[in-house]
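*Asks:* For the sequence shown, the UniProt record's numbering gives the first residue as 1, with consecutive numbering after it.
Below you will find the structure I want to go over with you.
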Amino acid sequence: MFFDLGLRTTDYHKPEVVRDAILDIDDKFTLVLIYEYLDESLVLLKRKLCWQLDDVLYLKFHYQLHGETTHQNINHNATEQIYSWNKADAMLYQYFNETLWDEIRTEGKDFFEELREFRTKHDEMERDCLGLSENLEKIALNPGVSSINRYFCEKMLFREIEYMHYFRRKMENNKRRTPTNSIGSGGNGTRIFSVHAQERNEEKTVLQRNETDASSVSNR
Numbered sequence: 001m002f003f004d005l006g007l008r009t010t011d012y013h014k015p016e017v018v019r020d021a022i023l024d025i026d027d028k029f030t031l032v033l034i035y036e037y038l039d040e041s042l043v044l045l046k047r048k049l050c051w052q053l054d055d056v057l058y059l060k061f062h063y064q065l066h067g068e069t070t071h072q073n074i075n076h077n078a079t080e081q082i083y084s085w086n087k088a089d090a091m092l093y094q095y096f097n098e099t100l101w102d103e104i105r106t107e108g109k110d111f112f113e114e115l116r117e118f119r120t121k122h123d124e125m126e127r128d129c130l131g132l133s134e135n136l137e138k139i140a141l142n143p144g145v146s147s148i149n150r151y152f153c154e155k156m157l158f159r160e161i162e163y164m165h166y167f168r169r170k171m172e173n174n175k176r177r178t179p180t181n182s183i184g185s186g187g188n189g190t191r192i193f194s195v196h197a198q199e200r201n202e203e204k205t206v207l208q209r210n211e212t213d214a215s216s217v218s219n220r
């Protein structure tokens, strides 16, 4: 981690240099998210940016495919060696992990109520978008997803490159909106996720172009 943040490998075993680098990062970033506590991190991010819970919803299969299920048990000696070899990264992780939980504690009890609400919304969104599929390698859009949520779910299934193309197209359009993101209910009792259903008709052309571009990138 520290290599990507600019710390020279020759400084990895210099505690004073590492601590100064950590404090410099802490000074530059308001919040550092912790991968192992993604839900907690996202709810805290939402609060700091005055967003809605809908703004930080995600599909867990993206998260799981990047290693959540690859944990292995290792003995104490191996653990100590890993910490020794990666001392700078271990110090970095421990510092910001403690910082995250210190900030969560200052948020009060309602933080955990909001965390429960976020996880409930996440489960509802995932069931609607993915159905009951458990094969992470063959995730596909739930064919039974309501038409009003289909556009939102299609975007949630984008991979990184696909989303990059989507945002580039959206920026090119330079459309100005004042959305009011919230999960509500349609007249037929169908749950509506965010304002994406309202955007569907306006951005359908953007979505189609994005899928074409992403497909061409994949074929290369």
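Each residue gets a CB set at the ideal place from its N, CA and C atoms; glycine is no exception.
Less than 8 Å between the beta carbons of residue 230 and G131, yes or no?
*Replies:* Residue numbering for the chain in the displayed model covers 1 to 220; residue 230 lies beyond these limits and cannot be assessed.
*Asks:* Put F29 into one of helix, strand or coil per three-state DSSP.
*Replies:* In the structure shown, F29 sits in coil (DSSP, three-state: anything other than H, G, I, E or B).
*Asks:* Give me, in chain order, the residues of the same chain whose beta-carbon lies closer than 7 Å to that of F158; leave out the 5 immediate sequence neighbours on both sides.
*Replies:* Y166.
*Asks:* Between the Cα of G144 and the Cα atoms of Y151, E154, W85 and D128, which residue gives the shortest distance?
*Replies:* Selected option, being the one with the closest Cα: D128.
*Asks:* Closer than 8 Å by C-beta to D20: which residues in its own chain qualify, once you throw out the five before and the five after it? Chain order, please.
*Replies:* Excluding positions up to five away in sequence, the list is empty.
*Asks:* What residue does the alpha helix (DSSP H) around L38 start on, and which one ends it?
*Replies:* Start and end: L38 to K48.
*Asks:* In chain order, what residues of the same chain lie with their CB nearer than 8 Å to the CB of F3, ignoring the 5 residues before and after it?
*Replies:* Hits under 8 Å: T9.
*Asks:* Using 8 Å for Cβ pairs, my map puts L59 next to E126. What's the rounded Cβ distance?
*Replies:* The Cβ separation is near 6 Å, so the contact holds.
*Asks:* Based on Cα-Cα distance, which residue from D39, Y83, K170 and E117 lies nearest to I104?
*Replies:* That would be D39, whose Cα lies nearest to the Cα of I104.
*Asks:* Pick out whichever of L7, Y35 and E36 has its Cα sitting closest to the Cα of L23.
*Replies:* Closest by alpha carbon: L7.
*Asks:* Is the CB-CB distance between S41 and L100 below 8 Å?
*Replies:* Closer than 8 Å, so yes.
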